[in-house]
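Visitor: Before we start, here is the structure in question, set down as structure tokens.
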Amino acid sequence: MVQDLSTISATIDGESHVIESGDTLLKFVDRHRGRGHVPTLCDAPQLAPYGACRVCSVEVALQPDGPRRVVAACHTPLAAGMHIFTESAKVQKLRRNIVELVLTDHPLDCLTCEVNGNCELQTVAAKVGIRGVRYPAGANHLDRAKDQSHPYMTSDLSKCINCSRCVRACDEIQGQFVLSMHGRGFNARIIKGLDTSFEKSPCVSCGACAQACPTSAISDVFQSKSIEASRKTRTVCTYCGVGCNLNVATKGNEILSIQAPLDSEVNHAHTCLKGRYAFKFVKHRDRLRSPLVRVNGRLQPATWEEAYAHIVENLTRIKADHGGHAVAGISSARCTNEENYLMQKFIRVGFGTNNIDACARVCHSPTAWGMQKAFGTGAATNSVEDLQYTNCIMVIGANPTEGHPVTGSKIKQRALKGVPLIIIDPREIELVPFATHHLQLRPGTNVALLDMLAYYIWEAGLTDQEFITKRCENWAEFEAGLKSLDLDALERIHGVPREKVKAAAIEYASAENAMAFHGLGVTEHSHGSKTVMTIANLAMMTGNIGRPGVGVNPLRGQNNVQGAADMGCQPHQGAGYLQVNDPSNHLLYEQFYGAHISNEIGLKIPQMYEAALAGHLKAMWIVGEDVVQTDPNTEHVKAAISSLEFLVVQELFMTPTAEYADVVLPASSFLEKSGTFTNGERRVQRVNAVIAPLAGTKPDGQILCEIMQRMGLSQPDYTPEGVLAEIARIVPFFKGATWDGLTEQGTQWPIQEGGIGTEILHIDAFKRGLGKFHFFPFQESKEIEKHHQEFPFILTTGRILEHYNCGTMTRRTGNAQIVTEDLLAIHPQDAAMKNIEDQDQVRIFSARGEVRMKARLSTEVQPGILYTTFHFPENLVNVVTSSECDEDTLCPEYKVVAVDIEKVHAPDATTIPALTH
Amino acid sequence: MMIPPALEAKADEYIGHYPPDRKRSAVLPLLHLLQHEFRFISDEAVEWVAQKLGIAKIDVLGVVTFYPGFRQTAPGKYHVRVCRTLSCAMAGSHQLMESLCAEADIDRSHADHHHPIAVSADGTFSIEFAECLASCGSGPVCMVEDDFYEKVDPTVEGARSLLNSYRHR
Ligand code: SF4
Ligand code: SF4
Ligand code: SF4
Ligand code: FES
Ligand code: FES
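So the protein lines, in turn, are chains A and B.
So the first sequence is numbered by the numbering used here: it starts at 2 and just counts up by one.
So the second sequence is numbered by the numbering used here: it starts at 26 and just counts up by one.
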């Protein structure tokens with residue numbers, strides 16, 4: 002039978018094309034005639050159709066010669082059999098009139114406008130054939146003042162055409178609701194906040210509105226839409242594990258601005274302010290520009306060859322005198338896969354030791370460990386994209402709107418669309434008002450709460466028995482554990498009323514597809530790995546594994562935490578997670594590298610410090626990590642690294658850690674080098690050098706190759722393609738990875754031959770065969786057991802949107818103007834008890850030391866709980882944090898510290914602010 | 026801003042008229058309640074409504090500014106609205122406005138779209154133009170608070186006798 006074409010097609014100016022489901026007239030015409038064939042003003046590909054400006058008017062008829070009607074193409078759904086006329090005299094005249102009217106209230110100073118040449122209004126005016134404006138000058142908004150209050154966002158609303166694209170970008174993409182239309186009719190105008198400036202509004206400077214605005218009415222200080230750039234390079238953001246794609250505009254060797262590619266699968270025209278605006282550190286005057294070598298106790302500038310010679314001499318001597326195990330390396334989750342791979346190769350092959358670790362130790366090592374135990378793979382089971390398919394989102398110990406802003410926005414958008422959201426967090430984080438359930442537990446009691454959740458799922462009979470029997474093991478033991486739980490005791494421990502826990506349990510377990518996300522609030526605890534396995538239990542017992550919209554998804558902190566572990570920067574596993582003490586793996590590594598490789602598990606970062614203090618470890622090589630500021634118990638770390646005979650640090654800036662080094666090597670930043678990053682959803686993405694390395698610096702990969710060559714290892718010169726090819730030969734799940742094959746969008750591992758990626762893990766079977774249930778009863782943290790009597794408050798730490806870790810980079814950008822200090826959040830009740838008022842200086846003391854900072858009264862924490870960030874090292878909050886660690890991975894317990902507080906009385910009475918009542 | 030319990034109860038009742046996932050639909054009734062109680066919609070009132078309905082403050086403000094019936098600044102003790110739509114305009118509403126201002130000691134020279142309300146020096150009266158008050162055959166028409174006046178004498182004398190009935194309350 003011949004199919005009647007009219008049931009699946011429509012015509013554009015007489016030519017027939019097949020329609021697709023979800024087509025609007027505009028999408029259909031764009032696809033077949035190209036974007037811009039029908040002019041548009043209020044429509045933007047990253048936003049939902051709106052239909053405000055009518056510039057996209059077309060005529061539609063249901064018969065080729067039937068009566069025609071004028072409709073706005075952008076928001077009119079397409080139906081089979083429609084005949085669309087895009088260029089009739091009638092619509093052309095209509096469009097011209099509309100644009101002419103728009104121009105009556107728009108300044109005609111294009112030549113001096115920052116977006117001249119890249120203005121959609123200009124393009125559309127030219128397209129519809131405007132020659133001049135026939136109307137006499139009338140009332141207008143040309144006198145609206147410019148807003149230059151903000152370090153990044155700017156506005157000149159005299160140029161506004163009231164298309165509402167900015168409002169929709171802020172609502173639909175970021176979910177911040179900063180912008181709106183004020184008034185109506187001719188008086189309608191865009192406002193920020195409750196009619197204030199960008200600076201005073203709740204804007205988080207994501208830049209989505211500026212990117213969406215068709216004119217220069219909303220823009221940014223970098224004038225990102227101007228056409229000054231001579232080149233655009235696509236690369237990947239280095240500030241978090243979301244892995245946003247960036248389009249970087251450059252002129253010569255200068256970075257002008259950054260925009261988000263519209264077609265990026267990871268971030269669809271969105272970024273946070275770190276990715277888009279925090280790039281000025283690149284040419285900051287504090288950048289290291291020459292190697293430094295310690296001579297007579299002082300670090301002095303040296304040439305690269307002098308520095309290398311000094312390193313080779315010392316490392317060779319130490320290896321000869323004390324053996325390779327006297328050397329250890331710390332790699333960086335900020336660096337590329339290639340660099341991490343080279344770093345572990347350098348340590349393992351160069352010194353015959355497995356003393357190699359990375360900063361993942363202090364964040365997500367429990368995730369890798371726990372998920373390997375349960376599933377066989379220590380990585381996110383699904384993609385962030387899956388948020389579209391899920392029916393329930395559970396966020397545990399993560400604050401995605403601050404830590405993983407683009408993912409946070411996506412979660413918020415889903416919640417706004419009615420997808421139930423469960424938040425398990427001691428604090429009332431930004432997502433809480435959008436959530437269906439908030440289980441506000443005491444810090445350090447994750448296991449107690451998650452065990453109780455599992456219990457209620459089991460009690461309600463909502464377990465997926467078929468999945469459990471076919472796909473998992475150890476259920477009986479786990480079930481026995483659940484039966485043995487003492488619910489009264491658990492409720493007392495975590496402090497959340499049991500009905501709330503039960504309601505959340507039922508929500509999660511009865512959703513068709515439920516997706517769990519977790520962050521450092523899960524891992525940075527003494528029972529971090531166990532908590533990860535407990536989350537895995539929940540997913541397995543409800544069968545939420547192996548299809549779109551489910552799974553266990555760690556939100557990776559640093560941009561390449563995933564990659565650092567994948568590449569083998571772990572003391573127990575080499576490249577590709579092969580256990581180093583397994584004889585067959587050991588043989589494989591020795592053959593592959595043609596060298597003696599150790600088969601003993603090496604030192605984890607905290608053990609390195611112990612070994613240094615004990616005198617066994619003589620030399621360390623640290624890539625891009627400021628351990629003095631970011632590792633817990635600062636004094637201990639300082640003592641350890643100062644007892645070393647030899648310390649090499651590779652860094653962008655002089656850091657407190659580098660102050661202790663014998664050689665400091667100036668590295669290039671992510672904008673100056675090429676390689677790959679693997680984001681939190683296992684997506685291996687190409688990082689492309691945007692500008693040449695700053696004079697005097699070298700990319701970390703090149704440094705490592707050069708030192709290996711000088712240490713006598715056979716190592717070809719650095720190329721990203723070359724190293725990636727070597728990785729593909731040894732890392733099983735990179736087998737099909739090639740530089741070209743990764744494409745613009747990146748590929749999710751495991752990558753099979755032919756470059757085919759994997760979006761969802763464990764579809765038919767777990768990597769380890771059967772998924773394994775583990776039951777753990779709750780155990781109180783030793784920190785609380787030992788110190789709670791004396792130090793009755795619990796201090797927990799976190800991060801904010803504007804800064805990145807200790808701020809080495811972000812504090813050298815405009816972000817520093819937005820957030821200038823760490824503050825201590827304290828519940829008003831506690832504050833009253835301690836006589837503390839908002840903005841008072843407070844002394845925080847623990848069994849280890851004390852720090853001072855300003856108090857911020859807030860009900861985001863419960864009484865008894867204190868919270869602060871750690872971006873401003875002058876507060877050295879880590880002085881007070883403990884050396885307690887996750888029992889399985891030695892990931893430090895940053896999230897639970899027993900402290901006490903008191904108000905600091907200013908010595909000079911005049912500095913005490915006058916009381917207002 | 027103190028919300029009286031009775032007002033809060035009334036607000037909850039209005040919210041209850043809508044399905045739980047459409048709470049935002051109660052924005053207009055809530056704004057009316059607040060304007061009635063506090064005589065205008067302050068920024069705090071906007072925040073309170075936003076919080077109550079779980080929507081963004083700016084979305085509430087968008088509604089407030091869309092409807093001229095909502096005031097964003099405090100009116101006088103008695104608020105006068107003079108119709109200026111066509112029939113009333115032809116029947117003398119502009120003269121009425123001038124007379125009322127003169128009689129009540131109101132300076133309207135700064136009034137514009139964004140600040141439509143002018144208040145008398147002593148705070149007793151405030152005034153603004155309104156669109157059609159739905160009695161077009163009997164202009165000029167005005168309202169003082171909720172009292173309706175038709176065929177008002179637009180002279181200063183007319184204005185005086187109208188205002189006096191409030192002054193002497
Ligand atoms: S920068 Fe982002 S948060 Fe700020 S107004 Fe624009 S879209 Fe909203
Ligand atoms: S500021 Fe830009 S995006 Fe917003 S309404 Fe005006 S022209 Fe449109
Ligand atoms: S969300 Fe993360 S990856 Fe994306 S721009 Fe922000 S910091 Fe960069
Ligand atoms: S682009 Fe279609 S109405 Fe504006
Ligand atoms: S025109 Fe004044 S009441 Fe209608």
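Positions of the beta carbon are idealized from the N, C-alpha and C atoms, including for glycine.
I'd like to know whether the C-beta of residue 179/A is nearer than 8 Å to at least one C-beta of chain B.
Guide: Along the first sequence, one-based indexing puts residue 179/A at 178. Taking Cβ atoms only, chain B reaches closer than 8 Å to residue 179/A, which makes this a yes.
Visitor: Around the Cβ of residue 147/A, are there at least 16 other Cβ atoms within 10 angstroms (buried) or fewer (exposed)?
Guide: The residue labelled residue 147/A in the question sits at position 146 within the first sequence. With fewer than 16 other Cβ atoms within 10 Å, it is exposed.
Visitor: For the structure I just gave you, are there three or more beta carbon pairs, one from the stretch 310–319 of chain A and one from the stretch 645–657 of chain A, closer than 8 Å?
Guide: Because the criterion of three Cβ pairs below 8 Å is met, the stretch 310–319 of chain A and the stretch 645–657 of chain A touch.
Visitor: Residue range of the alpha helix (DSSP H) that residue 212/A falls in?
Guide: Within the first sequence, numbered from 1, the residue matching residue 212/A stands at position 211. Where residue 212/A is concerned, the enclosing alpha helix (DSSP H) stretches over 209–213.
Visitor: Cα separation between residue 14/A and residue 37/A?
Guide: Within the first sequence, numbered from 1, the residue matching residue 14/A stands at position 13. Within the first sequence, numbered from 1, the residue matching residue 37/A stands at position 36. Roughly 16 Å between the two C-alpha positions.
Visitor: Straight-line CA distance for residue 680/A to residue 229/A?
Guide: Here residue 680/A corresponds to residue number 679 of the first sequence, with the count starting at 1. Here residue 229/A corresponds to residue number 228 of the first sequence, with the count starting at 1. Looking at the two C-alpha atoms, the distance is approximately 31 Å.
Visitor: Between 180/B, 175/B, 179/B and 169/B, which has its C-alpha nearest residue 190/B's C-alpha?
Guide: The residue you call residue 190/B lines up with position 165 of the second sequence. Ranking the options by Cα distance to residue 190/B, first place goes to 169/B.
Visitor: Would you mind working out which of 610/A, 868/A and 639/A sits nearest residue 823/A, comparing C-alpha positions?
Guide: Position 822 of the first sequence, counted from the first residue, corresponds to residue 823/A. Of the candidates 610/A, 868/A and 639/A, the one whose C-alpha sits nearest the C-alpha of residue 823/A is 868/A.
Visitor: Report the residue ranges of all alpha helix (DSSP H) runs contained in full by the stretch 179–266 of chain A; include only those spanning at least 4 residues, in chain order.
Guide: 209–213, all fully within the stretch 179–266 of chain A.
Visitor: Give the residues of chain B in contact with residue 182/A, contact being defined as C-beta atoms less than 7 Å apart.
Guide: The sequence position of residue 182/A within the first sequence is 181, counting from 1. The answer, in chain order, is 87.
Visitor: Taking residue 176/A and residue 417/A to be in contact with their CB atoms under 8 Å, please state how far apart those CB atoms are, rounded to whole angstroms.
Guide: Along the first sequence, one-based indexing puts residue 176/A at 175. Along the first sequence, one-based indexing puts residue 417/A at 416. At roughly 7 Å, the Cβ-Cβ gap stays under 8 Å, so residue 176/A and residue 417/A are in contact.
Visitor: Taking C-beta pairs closer than 7 Å, name the residues in chain A that residue 82/B reaches, listed in chain order.
Guide: Your numbering for residue 82/B matches position 57 in the second sequence. The contacting residues are 195.
Visitor: Could you check where the alpha helix (DSSP H) with residue 519/A kicks off and where it finishes?
Guide: As a working note, residue 519/A is residue 518 in the first sequence. Segment 515–519 is the beta strand (DSSP E) holding residue 519/A; no alpha helix (DSSP H) there.
Visitor: Closer than 8 Å, Cβ to Cβ, to anything on chain A: give me those residues from the stretch 55–75 of chain B, in chain order.
Guide: So the close ones are 68 and 71.
Visitor: Opposite residue 740/A in the DSSP bridges: which residues?
Guide: Along the first sequence, one-based indexing puts residue 740/A at 739. Paired residue(s): none; residue 740/A is not in a bridge.
Visitor: Among all residues, which have a Cβ less than 6 Å from at least one non-hydrogen atom of ligand 1, and in what chain order do they fall?
Guide: So the residues near ligand 1 by this Cβ test are 154/A, 170/A, 171/A, 175/A, 177/A, 179/A, 180/A, 204/A, 205/A, 206/A, 207/A, 208/A, 209/A and 210/A.
Visitor: Would you mind giving the Cβ-Cβ distance between residue 33/A and residue 50/A, rounded to the nearest angstrom? I have them listed as a contact below 8 Å.
Guide: The residue given as residue 33/A occupies position 32 in the first sequence. The residue given as residue 50/A occupies position 49 in the first sequence. 18 Å between Cβ atoms; not a contact.
Visitor: Please report the straight-line C-alpha distance between residue 136/A and residue 93/A, rounded to a whole angstrom.
Guide: For the purposes of this step, residue 136/A is taken as the residue at position 135 of the first sequence. For the purposes of this step, residue 93/A is taken as the residue at position 92 of the first sequence. Cα-Cα distance, rounded: 19 Å.
Visitor: What do you get for residue 173/B, buried or exposed, if any count of 16 or more other CB atoms within 10 angstroms of its CB means buried?
Guide: As a first step, residue 173/B is located in the second sequence; it is residue number 148 there, counting from the start. Exposed.
Visitor: Please report how far the alpha carbon of residue 707/A lies from the alpha carbon of residue 664/A, in whole angstroms.
Guide: Looking up residue 707/A in the first sequence gives position 706. Looking up residue 664/A in the first sequence gives position 663. Their backbone Cα atoms lie some 15 Å apart in a straight line.
Visitor: Please classify residue 212/A as buried or exposed, where buried requires at least 16 neighbouring CB atoms within 10 angstroms.
Guide: As a first step, residue 212/A must be located in the first sequence, where it is residue number 211. Burial call: buried.
Visitor: If we define contact as Cβ-Cβ less than 8 Å, is residue 392/A a contact residue for chain B?
Guide: Here residue 392/A refers to the residue found at position 391 of the first sequence. No, no contact with chain B.
Visitor: Taking only runs of the beta strand (DSSP E) that begin and end inside the stretch 326–403 of chain A, which ones reach a length of at least 3 residues, in chain order?
Guide: With a minimum length of 3 residues, the continuous beta strand (DSSP E) runs that stay inside the stretch 326–403 of chain A are 328–332, 357–359 and 393–397.
Visitor: Taking only beta-carbon positions, decide if residue 79/B is within less than 8 Å of chain A.
Guide: Here residue 79/B is taken as the residue at index 54 of the second sequence, counted from 1. Judged by the 8 Å Cβ criterion, residue 79/B is in contact with chain A.
Visitor: If the criterion is Cβ atoms closer than 8 Å, does the pair residue 341/A and residue 570/A meet it?
Guide: Locating residue 341/A in the first sequence gives position 340, where the first residue counts as 1. Locating residue 570/A in the first sequence gives position 569, where the first residue counts as 1. For residue 341/A and residue 570/A, yes; Cβs fall inside 8 Å.
Visitor: Using a Cβ cut-off of 8 Å (strictly closer), state whether residue 844/A contacts chain B.
Guide: As a first step, residue 844/A must be located in the first sequence, where it is residue number 843. For residue 844/A, the answer is no, since every Cβ of chain B falls outside 8 Å of its Cβ.
Visitor: May I ask you to report which of helix, strand or coil DSSP gives residue 735/A?
Guide: As a working note, residue 735/A is residue 734 in the first sequence. Helix at residue 735/A.
Visitor: So residue 434/A contacts chain B; which residues on that side make the cut at Cβ distance below 7 Å?
Guide: By one-based count along the first sequence, residue 434/A stands at place 433. Within 7 Å Cβ-Cβ: 79.
Visitor: Which term fits residue 735/A, buried or exposed, when burial requires 16 or more other beta carbons within 10 angstroms of its beta carbon?
Guide: Working through the first sequence from its first residue, we reach residue 735/A at position 734. It is buried - the Cβ of residue 735/A has at least 16 other Cβ atoms within 10 Å.
Visitor: For chain A, find out if any of its Cβ atoms is closer than 8 Å to the Cβ of residue 91/B; answer yes or no.
Guide: Here residue 91/B refers to the residue found at position 66 of the second sequence. It does: the Cβ of residue 91/B has a partner Cβ on chain A nearer than 8 Å.
Visitor: Using 8 Å as the threshold, is the C-beta distance between residue 543/A and residue 458/A below it?
Guide: Within the first sequence, residue 543/A is the residue found at index 542, counting from 1. Within the first sequence, residue 458/A is the residue found at index 457, counting from 1. It is a contact, given that the beta carbons lie within the stated cut-off.
Visitor: Residue 167/A: beta carbon under 7 Å from a heavy atom of ligand 2?
Guide: Here residue 167/A refers to the residue found at position 166 of the first sequence. Result yes, Cβ under 7 Å from ligand 2.
Visitor: Where do the ends of the beta strand (DSSP E) carrying residue 622/A lie?
Guide: Here residue 622/A refers to the residue found at position 621 of the first sequence. Element bounds for residue 622/A: 620–624.
Visitor: Could you name the residues that DSSP lists as bridge partners for residue 139/B?
Guide: On the second sequence, residue 139/B is found 114 positions in, with the first residue counted as 1. According to DSSP, which records beta bridges pairwise, residue 139/B is partnered with nothing at all.
Visitor: Would you check if the stretch 119–135 of chain B and the stretch 143–150 of chain B touch, i.e. whether three or more CB-CB distances between them fall below 8 Å?
Guide: Yes: the two stretches touch, three or more of their Cβ pairs being nearer than 8 Å.
Visitor: From this set, 103/B, 81/B and 163/B, which residue's C-alpha is nearest residue 147/B's C-alpha?
Guide: Position 122 of the second sequence holds residue 147/B. Checking every option, the nearest Cα to that of residue 147/B belongs to 103/B.
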